[in-house]
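**Q** Counting with this note's numbering, you get residues 959 to 1153 for the letters of the sequence shown.
Note that beta-carbon positions come from the ideal geometry of N, C-alpha and C, so glycine has one too.
This is the structure I want to talk about, given as C-alpha cells.
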Amino acid sequence: MAGTPSQDVTALLVAWSNGNRDALNELITLVHAELVAKARRYMAREHPGHPLQSHALVNEVYLRMVDMRRVDWQNRAHFFAVAARVMRHILVDIARAEKGAKRGGGVTRVALDEALALPTPAAYDVLGLNDPLDALTTLDPRRGQVVELRIFGGLTIDETASVLQVSADTVSRDWTMAKAWLGRELARSETGHES
C-alpha cells in the first residue's frame, strides 16, 4: 500500500492494542489522509445530498474503531481491512435510517464497478448489496472480503492482495467471480426471484 511506512503503522497499532492512547493519536495522523482519499473515492459514487462527506465518514470510522478492544492488530493492511468493514457498517446503518425515515425512498446507491457488465444497472442500494454480500461471505469468505475491501475500502487489486496475503492474480479472479455472483443475485432480487 502506498503512503506511510508499514512498520510505523504496525508499531503504533501494537502500542495502541497495549493501551497506549498516544499511539492512537499518532496512528490517526499517519493514516488520516489515506483513509480520507479512500472514503472520497467511495463517496464519489453516492447520491447527491448524502448525509456524510468523506471527512465525516472517516471521523465516524475513528469513533467506532477507538472503542474496539482486544484487537490483535497484525499490520497496516489489517488496519485498513478493519476500517473498510467499519465503513460498510456505517453506510448500511445510514441507509437503513434513511429508508426508515423515508419509508423506502431515496436509498443510498453504491456502484459495483465500471467494469461490471450486467444486464441491469451497475448501481445498487447499499442495503440491497448488504444481504447478498453477507451471503457471498458465508459461501466464500475470501471473495466476500475482496468485495468489501474493493468497494467499501477503496483498495486496489494489489492492496487487497496485500491485506489478504494472496497474489494479485488470485484477487483478480475472486473479484471477477464475486462480481458475477453478486450481479446475478442483485438481478434476481430486482426481478423478485429468490436465490
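Could you say which of V1105, V1029 and V994 lies nearest to A973 if we only look at CA atoms?
**A** The residue with the shortest Cα to Cα distance from A973 is V1029.
**Q** In terms of residue numbering, what span does the alpha helix (DSSP H) encompassing T1134 cover?
**A** A1126 to T1149
**Q** Cutting at 7 Å between CB atoms, please list the residues of its own chain near A1136, excluding the five before and the five after it.
**A** In chain order, L1094, R1101, V1104 and V1105 place their CB closer than 7 Å to the CB of A1136, counting only its own chain and leaving out the 5 sequence neighbours on each side.
**Q** Which stretch, first to last residue, makes up the alpha helix (DSSP H) that contains N1088?
**A** V1084 to L1097
**Q** Do L993 and V1016 come within 7 Å of each other at the CB atom, strictly closer than that value?
**A** yes
**Q** What residues in its chain sit with their C-beta under 7 Å from that of V1044, if we drop five residues either side in the sequence?
**A** Only V1019, R1022 and M1023 meet the Cβ criterion.
**Q** How would you call P1090, buried or exposed, if buried means at least 16 neighbouring beta carbons within 10 angstroms?
**A** buried
**Q** What does the alpha-carbon distance come out to for the pair S1120 and A1145?
**A** 31 Å
**Q** Under 7 Å, do L982 and V967 count as touching if we go by C-beta distance?
**A** Between L982 and V967, the C-beta spacing is not below 7 Å.
**Q** Is the CB-CB distance between S1125 and I1115 below 7 Å?
**A** no
**Q** To the nearest angstrom, how far is it from the Cα of S1147 to the Cα of L970?
**A** 44 Å
**Q** For the alpha helix (DSSP H) containing D1030, list its first residue and its last residue.
**A** Element bounds for D1030: n/a, residue is neither H nor E.
**Q** Quick one: what does DSSP say G1102 is sitting in, helix, strand or coil?
**A** helix
**Q** Would you mind reading off the limits of the alpha helix (DSSP H) that contains T1114?
**A** Unbroken run through T1114: none, as it is neither H nor E.
**Q** Does the Cβ of R999 have 16 or more other Cβ atoms within 10 Å, making it buried, or fewer, making it exposed?
**A** exposed
**Q** Nearest-angstrom Cα distance between A1014 and I986?
**A** Roughly 14 Å between the two C-alpha positions.
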